[in-house]
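Going by full-length UniProt numbering, the letters in the sequence shown line up with residues 1 to 44, in that order. The beta-carbon is built from N, C-alpha and C at its ideal position, and this holds for glycine as well. Structure first, commentary second.
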Amino acid sequence: MALEVTKAERSLKLSVSLLLALDRSRLKLNLKTIIVLRFFYTIY
Numbered sequence: 001m002a003l004e005v006t007k008a009e010r011s012l013k014l015s016v017s018l019l020l021a022l023d024r025s026r027l028k029l030n031l032k033t034i035i036v037l038r039f040f041y042t043i044y
């Protein structure tokens, strides 16, 4: 029983960390696109 709980907790923590990593990469992508858009706006 205890092993099952720890396995569930571990998988939950892994999924949460994966979601956080995805959010971080998404934020980085958004920052890059914003910078690129600003660059284009300054050119025009």
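Quick one: is residue i near chain D, going by C-beta distance under 8 Å?
i, result
"Val5", "Absence of chain D from the displayed structure is noted, only one protein chain being present."
Roughly how many whole angstroms lie between the Cα atoms of residue i and residue j?
i, j, result
"Leu27", "Tyr41", "21 Å"
"Arg24", "Lys32", "12 Å"
"Ala8", "Ile34", "39 Å"
"Leu19", "Lys13", "10 Å"
"Ala2", "Ser15", "20 Å"
"Arg38", "Val5", "49 Å"
"Thr36", "Asn30", "Here the sequence assigns Val to residue 36, which means Thr is not the residue at that position. Each residue's Cα considered, the two are about 10 Å apart."
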